[in-house]
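Protein chains in written order, with this note's numbering: chain A, 12 to 151; chain B, 134 to 413; chain C, 330 to 437. Every residue, glycine too, gets a C-beta built ideally from N, C-alpha and C. None of these values were measured; they are calculated from a predicted model. Written out below as structure tokens is the structure these notes cover.
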Amino acid sequence: MEMTRRDIFALGAGLAAVGLINLPAEADEGMVKEAIEKFAGGMPSAGGVEIGAPEIAENGNTVPIEVAAAGATSILILAAGNPNPGVATFNFGKLAGESRASTRIRLARTQDVVAVAKMSDGSTAMARREVKVTIGGCGG
Amino acid sequence: MRKLLAIGLAGALAFAVNSAVADENAELLIEGQKMVTKLAAPEGSPFDTIYSGWVFRTDETQALAMDDFENPAMILAQYGEDLWSRADGANGKSCADCHGDASESMKGLRAQMPKWHEGKNTLFTLEDHINWSREEHQKSAPWKWESAEMLAMTAYIGLQSRGMPVNVKTDGNYKSWYDQGKELYYMRVGQLDMSCAHCHENNWGNMIRADHLSQGMINGFPLYRLKWQGVGSIHRRFSGCIKNIRGTPFKRGSDEFTALELYVASRGQGLSVETPAIRN
Amino acid sequence: MSKIKPRVKVPKKAKAGEAVTIKTLISHPMESGQRKDKQGKIIPRKIINKFVATFNGEEAFSATIEPAVAANPYIEFSVKLAESGTIQFDWTDDDGSVYSAKKKIAVS
Chain A
12 MEMTRRDIFA LGAGLAAVGL INLPAEADEG MVKEAIEKFA GGMPSAGGVE
62 IGAPEIAENG NTVPIEVAAA GATSILILAA GNPNPGVATF NFGKLAGESR
112 ASTRIRLART QDVVAVAKMS DGSTAMARRE VKVTIGGCGG
Chain B
134 MRKLLAIGLA GALAFAVNSA VADENAELLI EGQKMVTKLA APEGSPFDTI
184 YSGWVFRTDE TQALAMDDFE NPAMILAQYG EDLWSRADGA NGKSCADCHG
234 DASESMKGLR AQMPKWHEGK NTLFTLEDHI NWSREEHQKS APWKWESAEM
284 LAMTAYIGLQ SRGMPVNVKT DGNYKSWYDQ GKELYYMRVG QLDMSCAHCH
334 ENNWGNMIRA DHLSQGMING FPLYRLKWQG VGSIHRRFSG CIKNIRGTPF
384 KRGSDEFTAL ELYVASRGQG LSVETPAIRN
Chain C
330 MSKIKPRVKV PKKAKAGEAV TIKTLISHPM ESGQRKDKQG KIIPRKIINK
380 FVATFNGEEA FSATIEPAVA ANPYIEFSVK LAESGTIQFD WTDDDGSVYS
430 AKKKIAVS
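This is the structure:
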């Protein structure tokens with residue numbers, strides 16, 4: 012029998028329940044899709060959004076990221092692999108220099124950062140970028 | 134550990150392997166001031182070249198160190214600045230009342246820590262000096278080692294030495310402490326039966342799981358660790374390492390950790406003080 | 330670090346119509362509500378959930394913030410101004426407190 016992702020998660024959840032492994036809860040793609048559609052009113056096509064992020068995060072606690080989308084009035088940031096995918100929404104007013112902003116986020120594991128942009132004309136755009144998050148953590 | 138063979142080539146091969154996460158030629162400029170992060174090792178050192186821990190961090194973490202606004206450790210140093218002028222204790226004095234402008238009176242102090250205390254005739258860390266002055270001159274209660282106030286003050290005082298070379302004494306009164314510190318450095322501890330040297334001398338430049346091992350220098354303390362999401366002291370770091378080896382750590386401020394601090398500081402002699410630094 | 334303090338970096342001068350970078354930071358633990366204490370109880374969520382920057386009263390930039398934003402939230406953005414004035418920064422905590430900072434900027 013082929014093990015589907017769902018089977019592995021079910022197994023993991025079972026083991027976690029017995030306390031054998033510590034499996035942090037993970038957002039599933041359904042939650043991510045829901046969040047995107049709630050913000051964009053549909054599934055945007057890919058492209059037109061830049062995501063700046065490290066290839067490998069030094070520590071999942073503090074991952075610097077930058078998002079930009081020319082002409083966007085707001086940009087939603089999601090972490091597709093976090094227990095809850097929502098990260099932040101940036102809103103650009105008329106006085107904003109450009110539709111670009113940076114922050115530092117928490118990523119629970121290697122995952123895609125998703126940025127969804129809404130333009131002033133109502134159109135939407137989206138991009139995804141993988142950030143590797145490692146478990147190092149020497150030194151107490 | 135197949136990578137052990139590579140260490141003999143003065144770490145050069147190790148860097149080539151890990152070039153994605155370290156660049157030993159990267160320059161650290163903090164607010165435009167150049168820091169010495171790479172130096173010919175002092176006499177008697179087991180290394181040929183010594184490197185600040187900054188060198189081993191990712192580009193993004195290194196960048197955070199270069200701007201005082203972006204460096205989260207500076208928030209606490211600012212709190213330290215506020216505390217400097219704040220009266221405390223029964224005598225109603227602030228640090229400033231006796232010590233005046235910290236940028237003058239405290240300049241170079243952190244670079245010499247741990248430093249002998251003539252009155253108590255023993256070796257004191259910066260925390261010990263601060264608490265002695267609080268009790269003696271302010272008649273105020275000592276600060277806990279890892280309290281926000283102590284971290285803030287050591288960060289602020291440390292900042293007044295930023296850019297200056299680490300310069301600790303190891304002779305005279307200091308020798309017996311130096312010897313004890315050295316012994317502790319090479320002593321195997323804990324369930325994993327490892328010493329500081331196993332990682333920081335034999336395997337610096339290598340990866341331990343996903344951590345890029347440094348030479349274990351302390352020129353940036355107290356510092357902001359991404360892992361702690363906050364600032365911590367030298368003794369906290371020592372303590373954490375020992376716990377990782379599943380040993381029982383010595384206490385903050387103990388003679389053992391003070392001796393170890395002196396020895397580890399001497400291994401970094403000449404590197405610039407980067408306090409308050411940022412690391413992983 | 331128990332004090333919640335905002336910090337902002339705003340250039341003192343700017344050219345009209347030219348984008349200038351604004352850097353902001355507030356010292357805040359951003360307790361996510363996911364962590365447990367030593368007794369195994371969930372430590373309640375307490376974060377900065379909103380950030381707003383207004384210039385001469387007009388909103389230039391804002392952010393709604395979730396627990397996935399790192400401790401000591403750092404937000405960088407830019408503004409393009411036509412006149413001199415004051416930028417006001419407000420951070421809202423889950424508990425309702427609002428922390429503020431103000432900076433004047435001369436535009437020529």
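Straight-line gap, residue i to residue j (C-alpha atoms, nearest Å)
i: leucine 209(B); j: serine 238(B); result: 20 angstroms
i: proline 75(A); j: isoleucine 67(A); result: 11 angstroms
i: alanine 235(B); j: leucine 242(B); result: 10 angstroms
i: alanine 83(A); j: lysine 409(C); result: 15 angstroms
i: isoleucine 377(C); j: serine 356(C); result: 10 angstroms
i: methionine 327(B); j: threonine 182(B); result: 24 angstroms
i: phenylalanine 331(B); j: cysteine 374(B); result: Reading off the sequence, residue 331(B) comes out as histidine, not phenylalanine. If I take the Cα positions, the gap works out to 12 angstroms.
i: alanine 80(A); j: glutamate 360(C); result: 30 angstroms
i: threonine 100(A); j: glycine 63(A); result: 16 angstroms
i: tyrosine 318(B); j: phenylalanine 390(B); result: 10 angstroms
i: glutamate 164(B); j: glutamine 195(B); result: 13 angstroms
Neighbouring residues, chain A, relative to residue i (Cβ below 8 angstroms)
i: glutamine 363(C); result: Pro94
i: leucine 359(B); result: Glu69, Asn70, Asn72 and Thr73
i: threonine 421(C); result: Ordered by position in chain A, no residue passes the 8 angstroms Cβ test against threonine 421(C), which lies about 14 angstroms from the chain.
i: asparagine 335(B); result: Residues of chain A passing the Cβ test: none, with the nearest at roughly 15 angstroms.
i: alanine 345(C); result: Those within 8 angstroms of alanine 345(C) in chain A number zero; the least Cβ separation is about 12 angstroms.
Neighbour flag for residue i against chain C, beta carbons, 8 angstroms
i: phenylalanine 101(A); result: yes
i: alanine 138(A); result: no
i: phenylalanine 354(B); result: no
i: tyrosine 212(B); result: yes
i: phenylalanine 202(B); result: yes
Chain A within 8 angstroms of residue i, Cβ atoms only
i: tyrosine 428(C); result: no
i: glutamate 193(B); result: yes
i: arginine 400(B); result: no
i: phenylalanine 418(C); result: no
i: asparagine 339(B); result: no
i: arginine 190(B); result: yes
i: isoleucine 404(C); result: yes
i: alanine 389(C); result: yes
Start and end residues, beta strand (DSSP E) containing residue i
i: histidine 368(B); result: First-last for histidine 368(B): 367-377, but that is the alpha helix (DSSP H), not the beta strand (DSSP E).
i: valine 43(A); result: Looking at the DSSP string, valine 43(A) is not in any beta strand (DSSP E); the run it does join, the alpha helix (DSSP H), is 40-51.
i: histidine 250(B); result: 248-250
i: glutamine 417(C); result: 414-422
i: threonine 287(B); result: Note, threonine 287(B): premise wrong, no beta strand (DSSP E); alpha helix (DSSP H) at 281-292.
i: threonine 194(B); result: No beta strand (DSSP E) holds threonine 194(B); the alpha helix (DSSP H) holding it covers 192-198.
i: aspartate 123(A); result: 122-130
i: alanine 6(A); result: The question about residue 6(A) has no answer, for chain A in this structure spans 12 to 151.
Interface flag, residue i vs chain B, CB-CB below 8 angstroms
i: serine 356(C); result: yes
i: alanine 126(A); result: no
i: proline 55(A); result: no
Same chain only: Cβ atoms within 6 angstroms of residue i, ignoring 5 sequence neighbours per side
i: phenylalanine 50(A); result: Leu87 and Val127
i: valine 337(C); result: Thr353, Phe418, Ala430 and Lys432
i: alanine 229(B); result: Trp217 and Ser218
Where the alpha helix (DSSP H) containing residue i begins and where it ends
i: leucine 395(B); result: 388-400
i: isoleucine 355(C); result: Here isoleucine 355(C) belongs to no alpha helix (DSSP H); instead the beta strand (DSSP E) covers 348-355.
i: glutamine 313(B); result: 308-318
i: asparagine 339(B); result: Segment: none, asparagine 339(B) is in no alpha helix (DSSP H) and carries neither H nor E.
i: aspartate 326(B); result: Element bounds for aspartate 326(B): n/a, residue is neither H nor E.
i: aspartate 234(B); result: Taken as a continuous stretch (DSSP letters only), aspartate 234(B) belongs to no alpha helix (DSSP H), as it is neither H nor E.
i: methionine 207(B); result: 206-217
i: isoleucine 263(B); result: 259-266
Where residue i meets chain B, residues with beta-carbon distance less than 7 angstroms
i: isoleucine 146(A); result: Arg342 and Ala343
Cβ shell of residue i (< 8 angstroms), same chain only, five flanking positions each side left out
i: tryptophan 249(B); result: Thr255, Leu256, Phe257, Lys302, Asn306 and Tyr307
i: lysine 315(B); result: Tyr396
i: aspartate 422(C); result: Ile333, His357, Lys375, Ile376, Ile377, Asn378 and Tyr428
Sequence-distant residues of its chain with Cβ nearer than 7 angstroms to residue i (five each side left out)
i: proline 175(B); result: Gln402 and Gly403
i: alanine 57(A); result: Met137 and Ala138
i: alanine 220(B); result: Lys226 and Ser227
9 angstroms Cβ cut-off: residues of chain C touching residue i
i: glutamine 362(B); result: Pro358, Met359, Ala399, Ala400 and Asn401
i: arginine 117(A); result: Met359, Ser361, Pro396, Ala397, Val398, Ala399 and Ala400
Under 8 angstroms from the C-beta of residue i: neighbouring residues of chain C
i: isoleucine 208(B); result: Met330, Lys334, Arg336, Leu354, Ser356 and Asn401
i: alanine 90(A); result: Ala397
Interface partners of residue i on chain C, CB under 7 angstroms
i: proline 205(B); result: Asn401
i: glycine 108(A); result: Ala348, Val349, Ser407, Val408 and Lys409
Listed by chain order, chain A residues near residue i by CB distance under 9 angstroms
i: serine 413(C); result: Chain A residues near serine 413(C): none, gap ~13 angstroms exceeds 9 angstroms.
i: alanine 392(C); result: Ala99, Thr100, Phe101, Asn102, Ala112 and Thr114
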